[in-house]
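Engineer: The following block contains the structure, expressed as structure tokens.
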Amino acid sequence: MRILVTGGAGFIGSAFVRRLLTGGAERVTVLDALTYSGNLANLAPVAGHADYAFVRGDIRDPDTVSRVMAGHDAVVHFAAESHVDRSIAGALPFVSTNVQGTQVLLDAALRHGVGRFVHVSTDEVYGSIDEGHWREDQPLAPSSPYSASKAGSDLLALACHRTHGLDVVITRCSNNYGPYQYCEKLIPLFVTNLLQGKRVPLYGDGGNVREWLHVDDHCRGIETVLRHGRAGEIYHIGGGAELTNRELVGRLLAACGADWSAVDHVADRKGHDRRYALSAEKIRDELGFAPEIDFTEGLAATVAWYRENRDWWRAPAAEAVAGA
Ligand SMILES: NC(=O)c1ccc[n+]([C@@H]2O[C@H](COP(=O)([O-])OP(=O)(O)OC[C@H]3O[C@@H](n4cnc5c(N)ncnc54)[C@H](O)[C@@H]3O)[C@@H](O)[C@H]2O)c1
Numbered sequence: 029m030r031i032l033v034t035g036g037a038g039f040i041g042s043a044f045v046r047r048l049l050t051g052g053a054e055r056v057t058v059l060d061a062l063t064y065s066g067n068l069a070n071l072a073p074v075a076g077h078a079d080y081a082f083v084r085g086d087i088r089d090p091d092t093v094s095r096v097m098a099g100h101d102a103v104v105h106f107a108a109e110s111h112v113d114r115s116i117a118g119a120l121p122f123v124s125t126n127v128q129g130t131q132v133l134l135d136a137a138l139r140h141g142v143g144r145f146v147h148v149s150t151d152e153v154y155g156s157i158d159e160g161h162w163r164e165d166q167p168l169a170p171s172s173p174y175s176a177s178k179a180g181s182d183l184l185a186l187a188c189h190r191t192h193g194l195d196v197v198i199t200r201c202s203n204n205y206g207p208y209q210y211c212e213k214l215i216p217l218f219v220t221n222l223l224q225g226k227r228v229p230l231y232g233d234g235g236n237v238r239e240w241l242h243v244d245d246h247c248r249g250i251e252t253v254l255r256h257g258r259a260g261e262i263y264h265i266g267g268g269a270e271l272t273n274r275e276l277v278g279r280l281l282a283a284c285g286a287d288w289s290a291v292d293h294v295a296d297r298k299g300h301d302r303r304y305a306l307s308a309e310k311i312r313d314e315l316g317f318a319p320e321i322d323f324t325e326g327l328a329a330t331v332a333w334y335r336e337n338r339d340w341w342r343a344p345a346a347e348a349v350a351g352a
């Protein structure tokens, strides 16, 4: 299978590409604009692979997308503006990349007869849930410009399936953690600050609850959906560890040999969703997928990776933004 991976130089996309190329006989093209969060170093482990090609280009550019799309059997679409705090500071890049860019890709996939389009989305499209777990058929009520733009792209992808018959499948995942994550997101920001003896910022009362899934489990789930998911369906990739931000920060402090005196309590994020939680039953019952990486072990390995790969995170200027 010849697979086009958009956003393949980012955190999750690069893990997916490394997985595909080290795992089998797939041919992979990465299309990535290399924005601030895209980094070719994330793809260095597979850079010399015979079945790998990289194209620097913007998913909003129809000519580039059409040229690159030709000859591919499947698209796995990760490219996005991905950081909630940036979307609060300025929403337009989120609308143009996440909504318009997705439509450009869908149009090209349709024109070129692509056999499968996996659209990678997020639990944030549902908004906050106090108790229980969201199911795939529940309504969308996003709170931030980021999640609203992702919800918009999800709806466009489903509309392309219903109107034009494109074989679209959507995955929605909870918060990911693991190596190669740009240092503005909570775990790498806190770990890299703490490893340098710097202070870390915690939003509000720290009581916001997130479900954490290792990026390798997420990528295995996406591959499962790519190969076996049903057209027009949405699959949650959840079942990770549920923690308050306060509990998570306690673990990060311990892992980095610091204590609560290193934490600044900062004003809460605007529109901050209290809790996200996904039902993981559909993908388990239909496709036999369940996460495998234990959170305690995965987090320890992640902290160790940032400890051992200082050159990777020292290169880009890590901005101290407090979100997850
Ligand atoms: N990080 C998470 O916890 C999480 C959870 C659920 C879903 N997701 C979704 O997974 C996807 C990947 O997230 P991530 O954390 O790896 O993000 P990331 O910010 O690390 O990577 C995004 C990648 O997209 C590229 N990109 C951005 N705009 C582009 C454009 N206009 N054209 C081409 N490339 C462009 C960037 O250069 C970068 O390589 C996103 O769609 C995100 O919504 C992320």
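Basically the numbering used here = 1-based index in the sequence shown + 28.
From the three backbone atoms N, C-alpha and C, an ideal C-beta is built for every residue, glycine too.
Any heavy atom of ligand 1 closer than 7 Å to the CB of L59?
Structural biologist: Yes, since a heavy atom of ligand 1 falls inside the 7 Å radius drawn around the Cβ of L59.
Engineer: Who pairs with W162 in a beta bridge, going by DSSP?
Structural biologist: In DSSP, W162 forms a bridge with L306.
Engineer: With 16 as the cutoff for other CB atoms within 10 Å, does N273 come out buried or exposed?
Structural biologist: Buried.
Engineer: Give me whichever residues DSSP pairs with D151 in a beta bridge.
Structural biologist: Paired residues: none, contrary to the question.
Engineer: Quick check for students: name the residue ranges of the alpha helix (DSSP H) that lie wholly in the stretch 227-282, counting only runs of 4 or more.
Structural biologist: Listed in chain order, the complete alpha helix (DSSP H) runs (minimum 4 residues) inside the stretch 227-282 are 243-256.
Engineer: Let me know the secondary structure DSSP gives Y64 once reduced to three states.
Structural biologist: The answer is coil: DSSP assigns Y64 none of H, G, I, E or B.
Engineer: Nearest-angstrom Cα distance between A169 and G285?
Structural biologist: Near 39 Å, if we compare the C-alpha coordinates of G285 and A169.
Engineer: By Cβ distance below 6 Å, which residues in the same chain neighbour L217 in space, the five residues on each side in sequence not counted?
Structural biologist: Counting only Cβ-Cβ distances below 6 Å, and skipping sequence neighbours, we find C211.
Engineer: How about G35 and A107: are their beta carbons less than 8 Å apart?
Structural biologist: Yes, the Cβ-Cβ distance between G35 and A107 is below 8 Å.
Engineer: So, is T330 buried or exposed, given that buried needs 16 or more other C-beta atoms within 10 angstroms?
Structural biologist: Counting Cβ neighbours within 10 Å, T330 comes out buried, since at least 16 surround it.
Engineer: Cβ-heavy atom distance between N236 and ligand 1 below 7 Å?
Structural biologist: For ligand 1, not one heavy atom lies less than 7 Å from the Cβ of N236.
Engineer: When the Cβ atoms of the stretch 217-227 are set against those of the stretch 164-180, are three or more pairs found closer than 8 Å?
Structural biologist: No, they do not touch.
Engineer: Quick one, are the C-beta atoms of D296 and S171 less than 8 Å apart?
Structural biologist: Contact flag unset, no.
Engineer: From L134 to A332, what does the alpha carbon distance come to, in whole angstroms?
Structural biologist: Cα to Cα, L134 sits roughly 39 Å from A332.
Engineer: Under the rule that 16 or more other beta-carbon atoms within 10 Å means buried, what is G266, buried or exposed?
Structural biologist: Result: buried.
Engineer: Which residue wins for smallest C-alpha separation from R46, given the options E275, F82, L62 and D86?
Structural biologist: Out of E275, F82, L62 and D86, F82 has the C-alpha closest to the C-alpha of R46.
Engineer: Would you check if the distance between the CB atom of C201 and the CB atom of L241 is smaller than 8 Å?
Structural biologist: In this structure, L241 lies closer than 8 Å to C201 by Cβ.
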